[in-house]
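Peer 1: Residues 0 to 285 in numbering that gives the first Met the number 0 are what the sequence shown lists, from first letter to last. Even for Gly, the Cβ is constructed at its ideal location relative to N, Cα and C. Here the structure is a predicted model, which is why all the values come from computation and not from measurement. Take this structure first; my questions come after.
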Amino acid sequence: MRRAADDVRAMQRQHPTMPETTTSRRLRAGAAVAVGATTVALLGVCGGAEAPRAVALPEAGSAAAIQKEFTDIVARVSPTVVQIQTARGLGSGIVYDGDGNVVTNAHVTSGAKRFVVTLANGQRHAASLVGADPGNDLAVIHITGATPDPASFGDSSKVRAGDISFAIGNPLGLRSSVTQGIVSSVSRSVSEGNGVTLSQVIQTSAEINPGNSGGALVDLSGHVIGIPTLAALDPEFGEAQAPGIGFAIPSITVQRVANQLIDPEPTPPTGVGETVGSRRGGKRRF
Numbered sequence: 000m001r002r003a004a005d006d007v008r009a010m011q012r013q014h015p016t017m018p019e020t021t022t023s024r025r026l027r028a029g030a031a032v033a034v035g036a037t038t039v040a041l042l043g044v045c046g047g048a049e050a051p052r053a054v055a056l057p058e059a060g061s062a063a064a065i066q067k068e069f070t071d072i073v074a075r076v077s078p079t080v081v082q083i084q085t086a087r088g089l090g091s092g093i094v095y096d097g098d099g100n101v102v103t104n105a106h107v108t109s110g111a112k113r114f115v116v117t118l119a120n121g122q123r124h125a126a127s128l129v130g131a132d133p134g135n136d137l138a139v140i141h142i143t144g145a146t147p148d149p150a151s152f153g154d155s156s157k158v159r160a161g162d163i164s165f166a167i168g169n170p171l172g173l174r175s176s177v178t179q180g181i182v183s184s185v186s187r188s189v190s191e192g193n194g195v196t197l198s199q200v201i202q203t204s205a206e207i208n209p210g211n212s213g214g215a216l217v218d219l220s221g222h223v224i225g226i227p228t229l230a231a232l233d234p235e236f237g238e239a240q241a242p243g244i245g246f247a248i249p250s251i252t253v254q255r256v257a258n259q260l261i262d263p264e265p266t267p268p269t270g271v272g273e274t275v276g277s278r279r280g281g282k283r284r285f
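Structure, rendered in structure tokens:
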């Protein structure tokens, strides 16, 4: 039909092919998985000459098992995701270790030194900056007076397109919110602006909304595979957020940078007393 064809072309114009370096906006947070419960028959459409083809879908018990797996993942990971408040706004963070360190995006900390961290149970604690690396858009803060259980980090190098993923964070201040989608692509290179380009990022269809930045992108094993950081913009719609195109910093980058910020290793000095640890704040990019 003519109208249907026109609709398809319009969709193509709305979403042109995205280059490997993508103009994106920092945002602080899915597609639902539909599961059938019966076996259905697809009938032929050529005059009834083609025999019906049976397509087996999961039984109700299987659907319930999948749902339980999803809810178990969320229940296990949500307590490790915290809300971070600065004078400029709200963001998310992940409890990194048993010492009260929390990893987040550098743009969430926004140059601040002091923060208020709200745990998943509603408890509020003061926190201070450990270090930041704006070149990788990552930072670590330390909670005072609490050592919540840390998240479990996975190996993002094993992530593949099509993997189911969950984004857990605090969009718009709504604590422990969850969106779900798939890994759309890996090894993207994405521009944040201000001369910062993030490499090897994970593209996901899990919705990333304002307040999600610094939260957790999680796989079906409940392991953190990335930190949601960006959402793509659509230039044909006035730079509005493009639905279902979000980006997360991979966990192997997160762990490498966080470890360096928490326990910096000395490097050959270029000045008296200078080490990698004293180069925090984006002067050194890992």
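Where do the N-terminal and C-terminal ends of the alpha helix (DSSP H) with T79 fall, by residue?
Peer 2: The count along the sequence shown starts at 1 and reaches residue 79 at position 80. Careful: T79 lies outside any alpha helix (DSSP H) and carries neither H nor E.
Peer 1: Look at the Cβ atom of A125, then the Cβ atom of P78, and state whether they are nearer than 8 angstroms.
Peer 2: For the purposes of this step, residue 125 is taken as residue 126 along the sequence shown, with counting starting at 1. For the purposes of this step, residue 78 is taken as residue 79 along the sequence shown, with counting starting at 1. No, the pair does not count as a contact, with Cβ atoms beyond the cut-off.
Peer 1: Three or more C-beta pairs closer than 8 angstroms, one from the segment 143-153 and one from the segment 167-175: is that the case here?
Peer 2: Taking 8 angstroms as the limit for Cβ pairs, the verdict is that the segment 167-175 does not touch the segment 143-153.
Peer 1: Taking the alpha-carbon of S186 as reference, which of I261, G130, T252 has the nearest alpha-carbon?
Peer 2: Taking the first residue of the sequence shown as 1, we reach residue 186 at position 187. Taking only the C-alpha atoms, the option nearest S186 is T252.
Peer 1: Just the C-alpha distance for T143 and A257, rounded to the nearest angstrom, thanks.
Peer 2: Counting from 1 along the sequence shown, the entry for residue 143 is found at position 144. Counting from 1 along the sequence shown, the entry for residue 257 is found at position 258. About 18 angstroms.
Peer 1: What is the DSSP secondary structure of A286, reduced to helix, strand or coil?
Peer 2: The chain is shown from 0 up to 285; residue 286 falls before or after that span and cannot be answered.
Peer 1: Taking just the CA atoms, how far does A166 sit from S250?
Peer 2: Within the sequence shown, numbered from 1, the residue matching residue 250 stands at position 251. Within the sequence shown, numbered from 1, the residue matching residue 166 stands at position 167. Roughly 14 angstroms separates the two Cα atoms.
Peer 1: From the DSSP output, in three-state form, read off P234 for me.
Peer 2: Translated into positions along the sequence shown, residue 234 becomes position 235. Helix.
Peer 1: Find the nearest neighbour of N169 within the set Q84, H141, G243, judged by alpha-carbon distance.
Peer 2: For the purposes of this step, residue 169 is identified with residue 170 of the sequence shown, where counting begins at 1. Nearest C-alpha to N169: Q84.
Peer 1: So what does DSSP say about F245, is it helix, strand or coil?
Peer 2: Taking the first residue of the sequence shown as 1, we reach residue 245 at position 246. One detail in the question is off: residue 245 reads as Gly in this sequence, not Phe. Residue state, collapsed to three classes: strand.
Peer 1: Can you tell me whether V200 is helix, strand or coil according to DSSP?
Peer 2: Taking the first residue of the sequence shown as position 1, residue 200 is located at position 201. If DSSP states are grouped into helix, strand and coil, V200 belongs with the strands.
Peer 1: Given a threshold of 16 other Cβ atoms within 10 Å of its Cβ, counted over all protein chains shown, does F236 qualify as buried or as exposed?
Peer 2: Residue numbering aside, residue 236 sits at position 237 when the sequence shown is read from its first letter. By the neighbour-count rule (16 or more Cβ atoms within 10 Å), F236 is not buried but exposed.
Peer 1: State the CB to CB distance for the pair V73 and V102, rounded to an integer number of angstroms; the pair is presumed to be in contact (CB under 8 angstroms).
Peer 2: Numbered from its first residue, the sequence shown carries residue 73 at position 74. Numbered from its first residue, the sequence shown carries residue 102 at position 103. Not quite, the Cβ-Cβ distance comes to about 20 angstroms (not below 8 angstroms), so this is no contact.
Peer 1: Does DSSP classify T117 as helix, strand or coil?
Peer 2: Translated into positions along the sequence shown, residue 117 becomes position 118. Strand at T117.
Peer 1: By DSSP, does T103 sit in helix, in strand, or in coil?
Peer 2: Here residue 103 refers to the residue found at position 104 when the sequence shown is read from its first residue. T103 falls in the strand class under three-state DSSP.
Peer 1: Whole angstroms are fine: how far does the CA of V195 sit from the CA of A241?
Peer 2: Looking up residue 241 in the sequence shown gives position 242. Looking up residue 195 in the sequence shown gives position 196. Those two C-alpha atoms are separated by around 21 angstroms.
Peer 1: Quickly, what does DSSP pair I167 with across the bridge? List them, please.
Peer 2: Mapped onto the sequence shown, residue 167 falls at position 168. Answer is V177, A215.
Peer 1: To which residues does DSSP link H141 through a beta bridge?
Peer 2: The residue given as residue 141 occupies position 142 in the sequence shown. In the DSSP output, where bridge partners are listed per residue, H141 has N100, S127.
Peer 1: Classify V80: buried if its beta carbon has 16 or more other beta carbons within 10 angstroms, exposed otherwise.
Peer 2: On the sequence shown, residue 80 is found 81 positions in, with the first residue counted as 1. Flag for V80 reads buried.
Peer 1: Using C-beta distances below 8 angstroms, list every residue in its chain close to R123, excluding the 5 sequence neighbours before and after it, in chain order.
Peer 2: Working through the sequence shown from its first residue, we reach residue 123 at position 124. If we look at R123 and ignore the five residues flanking it on each side, its Cβ neighbours are V115, V116, T117.
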